[in-house]
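**Student:**
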Amino acid sequence: MDKNSDLNLKRSRRKKNSEKKKKSSIKLFFKWVGIAFLILFFAAVGAIGGKVLAIIKNTPPISQEALTSQAQSSVVYAKDENGNWQRVAILHGADNRLWVPIEKIPKNLQNAFVAIEDQRFYKNKLGIDPKRIIGALIANIKAGGKPVEGASTITQQLVKNTMLSSEKTITRKIQEMVLAWRLEQIYSKQQILEAYLNTIYLGGPNVNAYGVQAASLAYFGKDVSQLDLAECAMIAGITKNPSRYSPYADLEAATERQHLVLKKMLEQGYITKEEYEKAISEKLVFKKTNFTTYEHKYFIDQVINDVADALSQHLNISHDEAIKKIYNGGLRIYSTMDLQIQKTMEEAFKNPKLFPPDIKDRSGNTRIVQGAMVVMDWRTGEVKGIVGGRETEETKGKTRIFNYATQGGRPAGSSIKPLTVYGPALEKGYTAATVVDDVPVFYKQWNWEPHNYESGKYRGLMTFREALTYSENVPAARIVVEMIGLHTAAEYGKKFGLNITKDVASSPAALALGAGGAVTPLQEAAAYGAIANGGVYTTPITFTKVTDSKGKVILENKPSQHMVLTPQNAYILTSMMQDVVKYGTGTNARLPNMPVAGKTGTNESYNDAWFTGFTPYYVGSVWMGTGENIPMIYGGRGVVGGSYPAMLWRTVMAEIHKSLPYKDFERPPGIISVTVCKDSGELPTDLCHQDPRGDRTYTEIFAEGTQPTTYCTVHVLAKINSQNGKLATEFTPPDLVKDAVFIDPPGRTSEQNAVALDGKYVVPKDYDDTPPPAQPPSGEVLPPENMQNPPSQPPNEIQQPPGNIPPNNGGNNGTTQNPPQNNNNNTSSNPLEKIFPPKNSKP
Numbered sequence: 002m003d004k005n006s007d008l009n010l011k012r013s014r015r016k017k018n019s020e021k022k023k024k025s026s027i028k029l030f031f032k033w034v035g036i037a038f039l040i041l042f043f044a045a046v047g048a049i050g051g052k053v054l055a056i057i058k059n060t061p062p063i064s065q066e067a068l069t070s071q072a073q074s075s076v077v078y079a080k081d082e083n084g085n086w087q088r089v090a091i092l093h094g095a096d097n098r099l100w101v102p103i104e105k106i107p108k109n110l111q112n113a114f115v116a117i118e119d120q121r122f123y124k125n126k127l128g129i130d131p132k133r134i135i136g137a138l139i140a141n142i143k144a145g146g147k148p149v150e151g152a153s154t155i156t157q158q159l160v161k162n163t164m165l166s167s168e169k170t171i172t173r174k175i176q177e178m179v180l181a182w183r184l185e186q187i188y189s190k191q192q193i194l195e196a197y198l199n200t201i202y203l204g205g206p207n208v209n210a211y212g213v214q215a216a217s218l219a220y221f222g223k224d225v226s227q228l229d230l231a232e233c234a235m236i237a238g239i240t241k242n243p244s245r246y247s248p249y250a251d252l253e254a255a256t257e258r259q260h261l262v263l264k265k266m267l268e269q270g271y272i273t274k275e276e277y278e279k280a281i282s283e284k285l286v287f288k289k290t291n292f293t294t295y296e297h298k299y300f301i302d303q304v305i306n307d308v309a310d311a312l313s314q315h316l317n318i319s320h321d322e323a324i325k326k327i328y329n330g331g332l333r334i335y336s337t338m339d340l341q342i343q344k345t346m347e348e349a350f351k352n353p354k355l356f357p358p359d360i361k362d363r364s365g366n367t368r369i370v371q372g373a374m375v376v377m378d379w380r381t382g383e384v385k386g387i388v389g390g391r392e393t394e395e396t397k398g399k400t401r402i403f404n405y406a407t408q409g410g411r412p413a414g415s416s417i418k419p420l421t422v423y424g425p426a427l428e429k430g431y432t433a434a435t436v437v438d439d440v441p442v443f444y445k446q447w448n449w450e451p452h453n454y455e456s457g458k459y460r461g462l463m464t465f466r467e468a469l470t471y472s473e474n475v476p477a478a479r480i481v482v483e484m485i486g487l488h489t490a491a492e493y494g495k496k497f498g499l500n501i502t503k504d505v506a507s508s509p510a511a512l513a514l515g516a517g518g519a520v521t522p523l524q525e526a527a528a529y530g531a532i533a534n535g536g537v538y539t540t541p542i543t544f545t546k547v548t549d550s551k552g553k554v555i556l557e558n559k560p561s562q563h564m565v566l567t568p569q570n571a572y573i574l575t576s577m578m579q580d581v582v583k584y585g586t587g588t589n590a591r592l593p594n595m596p597v598a599g600k601t602g603t604n605e606s607y608n609d610a611w612f613t614g615f616t617p618y619y620v621g622s623v624w625m626g627t628g629e630n631i632p633m634i635y636g637g638r639g640v641v642g643g644s645y646p647a648m649l650w651r652t653v654m655a656e657i658h659k660s661l662p663y664k665d666f667e668r669p670p671g672i673i674s675v676t677v678c679k680d681s682g683e684l685p686t687d688l689c690h691q692d693p694r695g696d697r698t699y700t701e702i703f704a705e706g707t708q709p710t711t712y713c714t715v716h717v718l719a720k721i722n723s724q725n726g727k728l729a730t731e732f733t734p735p736d737l738v739k740d741a742v743f744i745d746p747p748g749r750t751s752e753q754n755a756v757a758l759d760g761k762y763v764v765p766k767d768y769d770d771t772p773p774p775a776q777p778p779s780g781e782v783l784p785p786e787n788m789q790n791p792p793s794q795p796p797n798e799i800q801q802p803p804g805n806i807p808p809n810n811g812g813n814n815g816t817t818q819n820p821p822q823n824n825n826n827n828t829s830s831n832p833l834e835k836i837f838p839p840k841n842s843k844p
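And the structure:
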């Protein structure tokens, strides 16, 4: 090789070495750059990974309570005429959610949600769907970055709705995926789907619906179990965007979405082509359930109050907390309402003919006369119907309003008399035949003079039965003040469940006449129910039990009971109250096919009018008034309890009882019948039959042992001048003297006698003033020496009853007791005998 070639070779080697060195430097540079990148990459990954690990570490644990204890609406149930439970109200707070088990959710509805929301739900056990995530990412990139397709699985949606917030952050998304995976490891697909279908929001404009049950009611007015395929697809389509795909927002868009759901179900094999075509062609009928209000509001409002009180006591929580639990706790409340009875009452309250006309108040404004009614099964204490007022423009469509049937209370008027007057009197040993004198009285202690409804009219001697029948006030006042005492009257009022305040307990007018105090129809119905129930008071109840959404019993409501009257006295009082309806102030309440016992009540100023009565089946109480002390007076005549209230009572009760078999009030043992004199309440004598008004005897019932054993001393026999009606003297011409039967009311003054209707039958106090025969003129023959001057006292012209007592006056044993013999001394209880001792007196 020549020198030049060698030189070139050396140059070439140097060049190659130089290039190698250059390449090595570049390679080294990139190596270090790569190393630096890897260091930075792994550092970044480590940082991100650390952050992700921190997010995962801070992910909250799976909470079964969060899954199943979402705010849930409560449901109130009532029985229909066939005894089947019907939903009558849905009570909800911010979220209207009604939990239903998966078994009650139609398979078509389950499949519809899976087909449109998460088609690999049953196959995927990860809780997330990687394939769907990639597909959604590609679709969103193609759409210019707009989120046109979601990637969340059903499990992820459940986690977001129940355990996490709805904020759109990486942290929340990572935790959502972690929790979804954990959820899939713990719960079955059916459990996850059930929770999802009960928590998903499916509302829309003016629609509050969480879960498929609330949605079914909101859109179709039916239970979710009753949905058909087309309806299922419509509801499943809402979830993507409720504000757009709710049929109440945009029916056309909702229908397009429904068709897409059906198409997906067909493609995924959930339905056949025939089912698809039928569902596509079906014309849906929408029926919205009103969740903001409910029918039968007065009854349901009372149920809410009563359940809240019971929960507050049972769980030791405040009333407000109990109310919150009712509206958000998913309770199932079983009320005592009878739907047929409730509807009957509500229809009657719509009839203006059963109420007094509208009335002007003191300012000249027209006011509607309000009313309220309660019907109760007196055996069980279960309230069957409540109407707390007549509908007005102010109350229409509203709930939780003032309830006249259960709130406030008004003076009871004479309807209080069986409770604080006659019932207690019977318990104190008085009887239905006990006589009280209906004459004017004045009680200085209270500066009070009671008056009867017909002012200035006093009937005189009356039995307790008569006094109650005609609702006379003076006898009631005398019984309370003079016979049983205010304390006894007040105590029995309390036993009957009335609110007897200190002021009422010290007022004879309030206790005897119901002039004051506050009573509700619910209280009075329960009180009268005690009379019907053999004297046993039963606390009224509006619900029987409360359960959670899964049926676990939280509350069982059993009424308490206590004895107020003996069964015998309760039966006797019932009999007396039957006469009120048969012959007295309550005749407008008569039923054609059933016995009725009741009592009217009227406020002295006609501000309030009552009728409360019972049958062998139910007790009902009616009140009418404005609630504001506006007198119900029309053309000078006031509304009384025996008018509109009794007619409304009859209208409702006639409908309730029209198909019930006839039966009478059950007569307890220990009741006997005895013939007595109605002017004395004692066993009759011959004179009782000879009263100028006719036979004054009648047959009364008694609790055995309380029947009278003494004979009438009120009827007396006297000789009078038949021309002037005065007591005969020895100077009365014999042809004018006649025997006459009178009454001699004990303790009655001449002033009282002057105004009593039976006053003209009272034995006269004046003696005949017929002058003695004229003395012979001077010189005529004088009478014999033994002729005495006329006696300074009148002769014996008034006689006590003869000794021949009529038979059958001694009660069930048929024996009689002879009347007490007159011993012609001054110890007789009859003051007339002191002046005119009987001729047949025995020494």
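Numbering of the sequence shown is given in my numbering, commencing with residue 2 and proceeding in unit increments. Yeah, the Cβ is synthetic: ideal placement off N, Cα and C, and Gly gets one too.
Less than 7 Å between the beta carbons of R98 and A215, yes or no?
**Tutor:** Closer than 7 Å, so yes.
**Student:** Does the segment 486–505 come close enough to the segment 585–592 to have 3 or more Cβ pairs within less than 8 Å?
**Tutor:** Counting Cβ pairs under 8 Å, fewer than three are found: no touch.
**Student:** What separation, rounded to the nearest whole angstrom, lies between the Cα atoms of G372 and T407?
**Tutor:** 12 Å
**Student:** Hey, how far is the Cα of P509 from the Cα of S416?
**Tutor:** 15 Å
**Student:** Judging by CA-CA distance, which residue of E731, P662, G222 is the nearest neighbour of Y768?
**Tutor:** E731
**Student:** Using the Cβ count rule (16 or more neighbours within 10 Å means buried), how would you classify H93?
**Tutor:** buried
**Student:** Whole angstroms is fine: what's the gap from Q569's alpha carbon to S74's?
**Tutor:** 49 Å
**Student:** What number of angstroms, rounded off, separates the C-alpha of Q259 from the C-alpha of V115?
**Tutor:** 14 Å
**Student:** Give me the DSSP bridge partner(s) of M374.
**Tutor:** Its beta-bridge partners are V388, V623.
**Student:** When you compare the CB positions of T700 and P685, do they come within less than 7 Å of one another, or not?
**Tutor:** no
**Student:** On a Cα-Cα basis, can you pick out the residue from N725, F743, A755, I402 that is closest to A719?
**Tutor:** Minimum Cα distance to A719 is reached at F743.
**Student:** If you follow the alpha helix (DSSP H) that R697 is in, where does it begin and where does it stop?
**Tutor:** Note, R697: premise wrong, no alpha helix (DSSP H); not H, not E.
**Student:** Touch check for the segment 679–694 and the segment 652–660: three-plus C-beta pairs under 8 Å?
**Tutor:** no
**Student:** With 16 other CB atoms within 10 Å as the buried threshold, where does A342 fall?
**Tutor:** A quick correction: the sequence has Ile, not Ala, at residue 342. Label assigned to I342: buried.
**Student:** Go through its chain and collect everything with a Cβ distance to P772's Cβ below 8 Å, but skip five positions before and after it.
**Tutor:** F732
**Student:** Give me the DSSP bridge partner(s) of R638.
**Tutor:** Y635
**Student:** Buried or exposed for S226, please, with buried defined as at least 16 other CB atoms from any protein chain shown within 10 angstroms of its CB.
**Tutor:** When all chains shown are included, S226 counts as exposed.
**Student:** Classify S472 as helix, strand or coil using the three-state DSSP reduction.
**Tutor:** Coil.
**Student:** Go through the segment 152–194 residue by residue and report every complete run of the beta strand (DSSP E) that reaches 3 residues or more, in order.
**Tutor:** Fully enclosed beta strand (DSSP E) runs of 3 or longer: not present.
**Student:** Counting along the chain, where does the beta strand (DSSP E) carrying Y220 start and finish?
**Tutor:** Run containing Y220: none in the beta strand (DSSP E); it sits in the alpha helix (DSSP H), 213–221.
**Student:** Helix, strand or coil for S550, going by three-state DSSP, please let me know.
**Tutor:** Reduced to three states, the DSSP call for S550 is coil.
**Student:** In chain order, what residues of the same chain lie with their CB nearer than 8 Å to the CB of R333, ignoring the 5 residues before and after it?
**Tutor:** Excluding positions up to five away in sequence, the list reads S75, V76, Y78, V547, T548, D549, S550, G552.
**Student:** Give the secondary structure of N504 by DSSP, where H, G and I count as helix, E and B as strand, and everything else as coil.
**Tutor:** Checking the sequence shown, residue 504 turns out to be Asp, not Asn. If DSSP states are grouped into helix, strand and coil, D504 belongs with the helices.
**Student:** Just the Cα atoms here: how many angstroms apart are I171 and A311?
**Tutor:** 47 Å
**Student:** Excluding the 5 residues preceding and the 5 following S472 in the sequence, name in chain order all residues of the same chain whose CB lies nearer than 8 Å to its CB.
**Tutor:** S415, K418, Y454, V581, G585, T586, K600, T601
**Student:** Since V581 is in the alpha helix (DSSP H), which residue starts that stretch and which ends it?
**Tutor:** 568–583
**Student:** Taking the alpha carbon of P747 as the point to measure from, which residue in A741, S319, V717, T567 has its own alpha carbon closest?
**Tutor:** Comparing C-alpha distances from P747 to each of A741, S319, V717, T567 shows the shortest one belongs to V717.
**Student:** Please list the terminal residues of the continuous alpha helix (DSSP H) segment that includes A647.
**Tutor:** 645–658
**Student:** Assess contact between the segment 262–269 and the segment 116–124, defined as three or more Cβ pairs (one per stretch) separated by less than 8 Å. Is contact present?
**Tutor:** yes
**Student:** Counting only runs that start and end within the segment 273–347, where is the alpha helix (DSSP H) found for 4 or more residues in a row?
**Tutor:** 274–282, 298–316, 320–329
**Student:** Can you find the residues in the same chain that come closer than 8 Å, C-beta to C-beta, to I155, ignoring five residues on each side of it along the sequence?
**Tutor:** F114, V115, E118, D119, F122, I193, L194, Y197
**Student:** Here's a check: name, in chain order, each residue in its chain whose Cβ is nearer than 7 Å to the Cβ of A647, leaving out the five neighbours to either side.
**Tutor:** G587, N589, A590, T601, F612
**Student:** By Cβ distance, which residues of its chain are closer than 8 Å to E450, with the 5 residues on each side in sequence left out?
**Tutor:** P441, V442, F443, Y444
**Student:** For V756, name the three-state secondary structure that DSSP assigns.
**Tutor:** Helix, per DSSP.
**Student:** On the criterion of 16 or more Cβ atoms from any shown chain inside 10 Å, does G47 qualify as buried, or is it exposed?
**Tutor:** Note that G47 scores 49 on pLDDT, short of 50, meaning its location in the model is unreliable; the coordinates nonetheless yield the value given after this. Exposed, since its Cβ has fewer than 16 Cβ neighbours within 10 Å.
**Student:** What does S674 pair with, by DSSP beta-bridge criteria?
**Tutor:** I702
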